[in-house]
Structures are given as structure tokens and as C-alpha cells.
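Enquirer: If you scroll down you'll find the structure; I have some questions about it.
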Amino acid sequence: MTAQTAWDNFIQQGLPHRQQERWKYADLSSLQQQILVAVTPVSLPVIKQSLASFLKLDDYVLVMVNGFFLRELSVLPENVLLSSPPLHTTAWESLDLTQHPFVTLNQAMPADGFTLTVPDHVQVDQPIYVLSMTLNAQNALINTRHAICLGKQSEITLIEKNIALHSDNYLVNQTITINLAEEASLKHCKVQDEALSAFHVANTVIAQHRYSRCALQHFSLGSIFARDDVTVLLKENGAHCETNGLYVLKHDQQYIDHHVDIMHQAPHTQSAMLYKGILNKKSRAVFNGKVAVAPHAQKITAHQANHNLLLSPLAEVYTKPELEIDADDVKCKHGATVGQLDNDALFYLRSRGVTLAEAHALLLQGFAVDLIERMPQQTLQEEMHTRLA
């Protein structure tokens, strides 16, 4: 699709509205009132100074600042290939883009990013950071596109951190395409910690081939409006995918939305989905997880669950786990819960001399610990435990 065609389609569609099923809880009125402009690059000395507190000298890292990929500040293993701007991909052509209007907008506008290619049989022994920073990005439209391609029996861990150094109003519109060849393995941990007044929209499509493995983790903390759409295509026998997420909303009017679609398109594929949310004040969260099983995709296993804690009577969560099964020899289950902190557990801790604040913190840590312990680095786990306090 050309940029002009994408723009024409976006103008015809417009921004999503609440009459659309996938967007019925999303209020984009504040975004519609903003006038967004193209952002300009930031000088390298300012960026280098800002980076120093986030990375170690021996880290592998891909650096994005205000949507611009900075090759001169990026460091990769010699056996991993990098190209920028990102290569053209046809991954989105298999999806109904009327359900993904921000993908159409992304294709219509200029965007920077990278294509990361891991050749066959290459296994990278330490994580690769994708550090996406915003800096002096008031009223900016930040468009990024990334592609990640893993060859046969290759293996990497990506840690993506989205952070803001100023409290600006801006929109990040990100698309990521991932292709895993036979027996490839990807661990991708994303931490979304944008400015509280920002909008963050991300669309990811993952294509998995024979016996490939993908572990996707989302930790959503920042922004006033955040939306992550993930589509996983289990295309060949033996493909396995785990998607996990933790969203923590602490502020009035904060909104975080996760839509995850896993398509079992081949027999003997497996998927597991676990998302948890902690909501306080007048915040809202949405979880929509769908597992679709094709008629010929026999002997698959799929589990999905969503659990939420409401810490305020004003907080709201909308959860909708779905199963769409057209095969008869499958093992599938799903479930969702919405509740509050256990008063009996609070009473027990208070009776042992624990303060109310400490008791709350301990119960929240216990609620989220199974997800936090899956993070690929100890420092990330400690940082997340601190954020829950």
C-alpha cells in the first residue's frame, strides 16, 4: 500500500469511534481536539547526556529519540544485521485494516525505525535494548515502524523501554512486524512508561513458523491513553506463543487497553495468555483476548486468563476473553476475575504489626509477582516491584 493510498483510506475511515466494537470503551475525544505536528530531531550531545542514566557501556541497544532511529548511538552484536529505514513488509495485508485504523495512519505518514535480522543459527547471549525516548516533544506526532526477523534456530531477547524525559502532550503511533522462522525463539519484554499526558498506540503482528517460540510481555504504566493491539499467527505445526501483561493505573482518567488475538492456523500449536491489572482512582482498563482455532488446527492447546484488582470504587475494568473454535480435538480454557484486596488478608497482616500501607503493598506484590518474575533481568524486576509500592 502506498502512502497516498493509506492516507486516502485513513481520511475515509477517520479515527476510531465508540460505535465500533473493538473501540467501544475508548474515548479519543481529547486526541481529536489536539493539533499534532511533525517533531524535529534532538541534538546528539543532549541525547548522549540523557542516555547515560539508562544504559551501561556494554549493553546492546537500539536508540530511538522522538521517533528517529540513531544508528550512531546503537550497538549490536556483529552477527546481527540492521537496516534503516525499515524494509517494506506485507504483514499487514493479511489483516482487516478497518479494525486497525492507526496502522493505516502509520503507513500514510513518514516514519523512521529499523529492521533487525538475526541470521540462521545465531543465538545472542545478552538482551538487546530498544530504548525509545521522547524529549521536548510537545504536540508531536511520533510515527515509528520496526521489523524483526529471526532465522532458523536463532534466539534473542529484546527489552523495549518507552520513556519520556518531559511531561509533554504527544502521540506515539508504533507498528512492529515479527517473523519467526523454524525453531526460532524470541523473548520480547516491553515497558510502556510514557508521559502521563501522552497517547501511546502500538500494533504488533507476529508470524510464527514450525516449532518457533515467542514470549511476549507487556508492562503498561504510563500515558493517559495507551492501546496495545497484538495479533499472533501460529502458521505451522508446533509453534508456541505466550503473551503476558501487567497494567498499573494510578491516576484519574488514565486508560489502558490490551487487545490480543491469537490465531491457531495449524495443528499441534500452543498458546497461553495471562494479563493482570491494578486500577486506582478514576481510571479505566480494557482487556480483550481472543483465541481463534481454524477447522484443520486439531490437537492445539490454548489457555487465557485476565485478573484485575480495583483499589477504588471509581475504577472500571472491561474484560472479555473469547474462544472461537472451529476444530473438535482441542484443549482450550479461559477465564476472568475482577475483585478487591482481600480484607481477611489485610486484617491478618495488620494484626501482625504491619501498617496499612505496607499491607497493601505486600498484597499487590503477591498479586503481580508471577508476572514480574518472568521479566528477563533482575534489575527490571526490582524496578517493577518499586513501581508497585
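Quick note: the numbering used here has the sequence shown finishing at residue 914, numbered continuously throughout. Just so you know, even glycine gets a beta-carbon here, dropped at the ideal spot from N, CA and C. All of these numbers come straight from a predicted model, not from anything done at the bench.
Cα-Cα, which of Val785, Val863, His725 is closest to Ala665?
Expert: Of Val785, Val863, His725, the residue nearest in Cα terms is His725.
Enquirer: Applying the 10 Å Cβ sphere with the 16-neighbour rule, what's the burial state of Gly592?
Expert: Gly592 comes out buried.
Enquirer: For the alpha helix (DSSP H) holding Gly891, just list the boundary residues, first then last.
Expert: Gly891 -> alpha helix (DSSP H) spans 881–897.
Enquirer: Which residues share a DSSP beta bridge with Ala830?
Expert: Ala830 pairs with Leu799, Gly860.
Enquirer: Hey, how far is the Cα of Met658 from the Cα of Phe872?
Expert: Roughly 43 Å between the two C-alpha positions.
Enquirer: Can you give the beta carbon distance from Phe750 to Gln717, rounded, assuming they're within the 8 Å contact cut?
Expert: The pair is not a contact, with the Cβ atoms about 11 Å apart (cut-off 8 Å).
Enquirer: Report the option in Asp552, Val649, Gln559, Asn631 whose CA atom is closest to the CA atom of Trp532.
Expert: Considering only alpha carbons, the answer is Asn631.
Enquirer: Does DSSP put Val697 in a helix, in a strand, or in coil?
Expert: Note: Val697 maps to strand in three-state DSSP.
Enquirer: Counting Cβ pairs, one atom from each stretch, are 3 or more of them under 8 Å apart for the stretch 807–821 and the stretch 838–854?
Expert: In short, these stretches touch, since the Cβ pair count reaches three.
Enquirer: In the DSSP assignment, what residue or residues form a beta bridge with Phe872?
Expert: Bridge partners of Phe872: none, in fact.
Enquirer: CA-CA distance, Pro652 and Cys766?
Expert: Those two C-alpha atoms are separated by around 19 Å.
Enquirer: Go ahead and pull the three-state DSSP assignment for Leu620.
Expert: Coil, per DSSP.
Enquirer: Assuming Val564 contacts Ala723 (C-beta within less than 8 Å), just tell me the rounded distance between them.
Expert: At roughly 13 Å, the Cβ-Cβ gap does not stay under 8 Å, so Val564 and Ala723 are not in contact.
Enquirer: With three or more C-beta pairs closer than 8 Å as the rule, is the stretch 819–828 touching the stretch 785–797?
Expert: Taking 8 Å as the limit for Cβ pairs, the verdict is that the stretch 819–828 does touch the stretch 785–797.
Enquirer: So, at 6 Å on beta carbons, what are the nonlocal neighbours of Glu761 in its own chain, with the 5 sequence-adjacent residues on each side left out?
Expert: Correct list, in chain order: His734, Arg735, Ala791.
Enquirer: Alpha carbon to alpha carbon, what distance is there between Ala672 and Trp617?
Expert: So the alpha carbons of these two residues sit roughly 12 Å apart.
Enquirer: Going by the CB atoms, is the gap between Ala870 and Val818 shorter than 7 Å?
Expert: No, the pair does not count as a contact, with Cβ atoms beyond the cut-off.
Enquirer: Considering Cα atoms alone, identify which of Phe892, Gln678, Thr768 is closest to Leu715.
Expert: Strictly speaking, residue 715 in this sequence is Lys, with Leu absent from that position. Per the Cα distances, Thr768.
Enquirer: Nearest CA to the CA of Gln678: which residue from Asn694, Thr700, His646, Asn668?
Expert: If we check each option's Cα against that of Gln678, His646 comes out closest.
Enquirer: Compute the distance between the beta-carbons of Thr794 and Val755, then report whether it is under 7 Å.
Expert: Not in contact: Thr794 and Val755 (Cβ atoms no closer than 7 Å).
Enquirer: Which stretch, first to last residue, makes up the alpha helix (DSSP H) that contains Asn631?
Expert: Where Asn631 is concerned, the enclosing alpha helix (DSSP H) stretches over 626–633.
Enquirer: Going by alpha carbons, who is nearest to Val773 out of Asn833, Val757, Ser876, Leu556?
Expert: Closest by alpha carbon: Asn833.
Enquirer: For Gln559, which residues in the same chain have their Cβ closer than 7 Å to its Cβ, ignoring the five residues on either side in sequence?
Expert: Excluding sequence neighbours, Gln559 sits near Asn664, Asn694.
Enquirer: Per DSSP, which one or two residues make a beta bridge with Pro841?
Expert: Checking the displayed sequence, the identity of residue 841 turns out to be Glu instead of Pro. Looking at the DSSP assignment, Glu841 forms a beta bridge with Arg809.
Enquirer: Could you give the uninterrupted runs of the beta strand (DSSP E) lying entirely in the stretch 697–755, keeping only those of 3 residues or more?
Expert: The qualifying runs are 710–718, 724–733, 738–745.
Enquirer: Please list the terminal residues of the continuous alpha helix (DSSP H) segment that includes Met909.
Expert: Element bounds for Met909: 903–913.
Enquirer: Between the Cα of Asp621 and the Cα atoms of Ala882, Met909, Asp786, which residue gives the shortest distance?
Expert: Nearest of Ala882, Met909, Asp786 to Asp621, Cα basis: Asp786.
Enquirer: Rounded to whole angstroms, how far is the Cβ of Val643 from the Cβ of Leu675, which I believe are closer than 8 Å?
Expert: Confirmed, Cβ separation roughly 5 Å.
Enquirer: Under the rule that 16 or more other beta-carbon atoms within 10 Å means buried, what is Pro838, buried or exposed?
Expert: It is exposed - the Cβ of Pro838 has fewer than 16 other Cβ atoms within 10 Å.
Enquirer: Determine which residues share a DSSP beta bridge with Met900 and list them.
Expert: Answer is none; Met900 lacks a bridge partner.
Enquirer: Short of 6 Å in beta carbon distance, which residues of its chain neighbour Val588, apart from the five on each side in sequence? Order them along the chain.
Expert: Cβ neighbours of Val588 beyond the five flanking positions: Leu595, Leu598, Ser599, Leu656.
Enquirer: What did DSSP end up calling Pro570 once you bin it into helix, strand or coil?
Expert: DSSP places Pro570 in helix when its eight states are reduced to three.
Enquirer: Have a look at Ala830, Arg877, Thr826 and flag the residue whose alpha-carbon is nearest the alpha-carbon of Val855.
Expert: For Val855, the nearest C-alpha among the options comes from Thr826.
Enquirer: Please state if the CB of Leu690 and the CB of Leu660 are separated by a distance shorter than 7 Å.
Expert: A contact, by the Cβ cut-off of 7 Å.
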